[in-house]
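Letter by letter, the sequence shown follows residues 6 to 226 in the numbering used here. The beta carbon of each residue, even a glycine, is placed where N, CA and C say it ideally should be. Everything numeric in this text was worked out from a predicted model, so none of it was measured. Working notes, structure below.
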Amino acid sequence: RWQHPKRGLLHPGAFLQLAEDTGLIVPIGRWVLGEACRQARAWRAASVGSAECRMCVNLSAREFRQPDLVAEVVRVLEETGLPPDALELEITEHVAVGHDQALSTLLQLKAMGMHLALDDFGTGHSALISLQRLPIETLKIDRSFIQEVTTDAKTRAVVQAITTLAHDLGILVVAEGVETEDQLHAVRNLGIDIVQGTYFAKALPSADCSIFLATRGANRI
């Protein structure tokens with residue numbers, strides 16, 4: 006989200022595609038990575054949240070294709086003092102499969118101790134190839150599936166199949182966009198490992214998030 010000086014709070018959908026098209030997404034993304042790592046380091050220093058809590062940062066297609074991506078991530082970690090294992094980088098299957106150097110880049114990042122996640126799983130055309138090829142540890146099922154998991158038997162079967170396959174490959178599964186108690190019970194019954202969504206909390210400024218983490222911690226289902 007962006008607190009625009011004239012237009013107020015803008016959601017990512019209002020500006021991210023334009024930023025991607027113009028190339029501004031690269032400096033924006035690097036700023037986000039730096040701020041996220043600094044905040045995560047501050048929370049760790051203050052013992053806010055659980056010890057295993059990670060900072061998750063999305064990488065856009067253009068960011069991921071930058072030749073100095075690995076060096077930039079290393080620089081930010083060294084500058085902020087955040088341990089590599091406290092950072093999780095998220096990419097979409099489209100970004101990963103559509104980039105010739107994706108595997109090499111991901112392997113370098115993983116070798117340094119960072120965690121890797123495949124975001125918005127199920128929205129691309131090469132989902133199974135992604136699971137087979139990429140050194141990911143976490144798979145995040147797109148919210149479009151979770152929204153229908155309590156109302157559509159076919160969707161529920163797809164989510165169950167994805168979860169079973171991921172677990173067979175040793176991959177953790179996250180349900181994105183959980184908004185209701187019924188959805189929470191449904192994904193819990195399907196064996197999903199971690200959930201995220203507005204059922205627990207809406208997006209929060211860092212100060213409010215600090216209070217939330219201090220009072221509730223980083224809870225898994």
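Anticipated Cβ contact below 8 Å, residue i with residue j, distance rounded
| i | j | result |
| --- | --- | --- |
| residue 151 | residue 182 | 5 Å |
| residue 138 | residue 108 | 6 Å |
| residue 92 | residue 62 | 7 Å |
| residue 196 | residue 168 | 5 Å |
| residue 100 | residue 66 | 5 Å |
| residue 53 | residue 218 | 5 Å |
| residue 96 | residue 69 | 6 Å |
| residue 180 | residue 192 | 4 Å |
| residue 106 | residue 75 | Between residue 75 and residue 106 the Cβ distance is about 10 Å, and since that is not below 8 Å, they are no contact. |
Endpoints, beta strand (DSSP E) assigned at residue i
| i | result |
| --- | --- |
| residue 13 | 13 to 15 |
| residue 62 | 60 to 63 |
| residue 68 | Premise fails: residue 68 lies in the alpha helix (DSSP H), 66 to 69, not in any beta strand (DSSP E). |
| residue 95 | 92 to 97 |
| residue 8 | 7 to 9 |
Element boundaries [alpha helix (DSSP H), containing residue i]
| i | result |
| --- | --- |
| residue 29 | That residue, residue 29, is in no alpha helix (DSSP H); it is neither H nor E in DSSP. |
| residue 84 | 74 to 85 |
Residue burial classification, residue i (beta-carbon count within 10 angstroms, cutoff 16)
| i | result |
| --- | --- |
| residue 135 | buried |
| residue 156 | exposed |
| residue 226 | Note that residue 226 scores 43 on pLDDT, short of 50, meaning its location in the model is unreliable and no value can be drawn from it. |
| residue 83 | exposed |
| residue 110 | buried |
| residue 98 | buried |
| residue 51 | exposed |
| residue 190 | exposed |
| residue 120 | buried |
| residue 72 | exposed |
Inter-stretch contact (C-beta, 8 Å, three-pair minimum) for the region 31 to 49 and the region 83 to 94: In this structure the region 31 to 49 lies against the region 83 to 94, because at least three pairs of beta carbons, one per stretch, are closer than 8 Å.
Does the structure place the region 13 to 26 close enough to the region 70 to 82 that three or more beta carbon pairs sit under 8 Å? The region 70 to 82 makes no contact with the region 13 to 26; the number of CB pairs closer than 8 Å stays below 3.
Is the region 143 to 150 touching the region 106 to 126, taking contact as three or more C-beta pairs under 8 Å? Taking 8 Å as the limit for Cβ pairs, the verdict is that the region 106 to 126 does touch the region 143 to 150.
Can you give, in chain order, each stretch of the alpha helix (DSSP H) that sits fully within the region 113 to 179 and has at least 4 residues? Here the runs fully enclosed are 132 to 138, 148 to 151 and 158 to 173.
Which runs of the alpha helix (DSSP H) at least 4 residues long sit entirely within the region 174 to 222? Give them in chain order. Runs of the alpha helix (DSSP H) inside the region 174 to 222: 186 to 194 and 211 to 221.
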